[in-house]
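In terms of the working numbering, the sequence shown opens at residue -18 and continues consecutively.
Just so it is clear, CB atoms sit at the ideal spot from N, CA and C, and this is done for glycine as well.
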Amino acid sequence: MPGNSKRRGAISKNAKGNPTAGSGGRVRRGLEGRGPTPRAEERPNHKAYRAARATDRRQTPKPRKKRTDDFEWVAGRNSVLELAREGVPVTTLYVAEGTDRDDRIRELFKIAAERGLAVLEVSKGELDRLTDRAVHQGVAAKIPSYEYAHPDELLTRAREAGETPLIVMLDGVTDPRNLGAVVRSAAGFGAHGVVVAERRAAGMTASAWKTSAGAAARLPVARATNLTRQL
């Protein structure tokens, strides 16, 4: 029957009467060069791709936020003046408006001018807030966090002075004010330094600085992982 021949090269007609012939290799040639079908996780429209991207985002390390606790506040005229005299790196000096300019304040201003320190005049309420309502007497200083010495440095300090090492070891002291008091006393009787535990112990915070009455600017404080082993 015409159109239904099985012979090679025969042309069949579709329902609309249009002839349908082979592609002659055109389709095969058009597919050449496309390569293998991408995997599911490589196809943007596939859910496996979106799941993989979400996993990557979770595993990508996020940039660390800048620390906001890398400085300390020292309040009080004597404490601030003492650390200024000893050359402790002060970031900014704050003075409350209307503060009485006594000899200590005038000396602070002189040191600040010589060292090129920034001096800001703020309201008393603002200074109360900045120092967490410490007794600041109208003066406070912003300083970098305390840099602890290594215990071996205290021995070196005594050796360079040609003296027998005198080092105070503190264990179980958790109140920064007590630590400051010990630092003040140790400096008074000529110790070469104080060693505290690295964990579960008070650190050289602003409270310790203030209680030391500036002695922390002269006497190094070191930290040890294990006090018994350090001895």
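From what residue to what residue does the beta strand (DSSP E) around residue i run?
i, result
"glycine 174", "174 to 178"
"phenylalanine 52", "52 to 56"
"leucine 74", "73 to 77"
"arginine 85", "From DSSP, arginine 85 is part of no beta strand (DSSP E) but of the alpha helix (DSSP H) over 84 to 96."
"leucine 300", "The question about residue 300 has no answer here: the residues shown for the chain are numbered -18 through 212."
With distance defined between alpha-carbon atoms, name the residue in the options nearest to residue i.
i, options, result
"leucine 98", "Pro157, Thr80, Arg66 and Tyr129", "Arg66"
"asparagine 159", "Phe170, Ala189 and Arg31", "Ala189"
"alanine 183", "Phe170, Gly169 and Pro157", "Pro157"
"valine 176", "Gly195, His117 and Val154", "Val154"
"glutamate 215", "Met185, Gly174 and Val69", "Past the edges of the chain, shown from -18 to 212, lies residue 215, and the structure says nothing about it."
"glutamine 118", "Arg87, Glu107, Ala77 and Tyr127", "Ala77"
"serine 126", "Ser60, Met185 and Leu64", "Met185"
"glycine 106", "Ala94, Lys91, Thr80 and Glu128", "Thr80"
Can you tell me where the alpha helix (DSSP H) holding residue i begins and where it ends?
i, result
"arginine 210", "208 to 211"
"proline 157", "157 to 169"
"proline 132", "132 to 141"
"glutamate 102", "Looking at the DSSP string, glutamate 102 is not in any alpha helix (DSSP H); the run it does join, the beta strand (DSSP E), is 99 to 103."
Is residue j closer than 8 angstroms to residue i when the C-beta atoms are compared?
i, j, result
"alanine 130", "valine 55", "no"
"valine 149", "alanine 172", "yes"
"glutamate 53", "alanine 194", "no"
Leaving out the 5 sequence neighbours to the left and right, which residues in its chain are closer than 7 angstroms to residue i when beta-carbon positions are compared?
i, result
"alanine 178", "Asp152, Ala205 and Leu208"
"alanine 168", "Ala196, Arg199 and Leu200"
"glutamate 102", "Val76 and Glu78"
"glycine 68", "none"
"glutamate 88", "Leu62"
Within its chain, find whatever has a CB closer than 6 angstroms to the CB of residue i; leave out the 5 residues flanking it on each side and keep chain order.
i, result
"arginine 85", "Arg58 and Leu62"
"proline 132", "Val176, Ala203, Ala205 and Gln211"
"alanine 162", "Thr192"
"arginine 165", "Ser193, Ala194 and Ala196"
"serine 104", "Glu78"
Compute the minimum distance between the beta carbon of residue i and the heavy atoms of the ligand SAM, and state whether it is under 7 angstroms.
i, result
"leucine 74", "Among the ligands in the structure shown, none appear at all, so the ligand SAM cannot be discussed."
Short of 8 angstroms in beta carbon distance, which residues of its chain neighbour residue i, apart from the five on each side in sequence? Order them along the chain.
i, result
"alanine 142", "His173"
"lysine 46", "Any reading at lysine 46 needs caution, since the residue's pLDDT is 32, under 50, leaving its predicted position unreliable; the model's value is listed next. Correct list: empty, nothing qualifies."
"proline 146", "Leu135, Leu136, Ala139, Arg140 and His173"
The stretch 73 to 82 in contact with the stretch 115 to 133 per 3-pair CB rule at 8 angstroms | In short, these stretches touch, since the Cβ pair count reaches three.
The stretch 131 to 140 contacting the stretch 102 to 111, beta-carbon criterion three pairs below 8 angstroms = In the pairwise beta carbon analysis, the stretch 131 to 140 is classified as not touching the stretch 102 to 111: fewer than three pairs are separated by under 8 angstroms.
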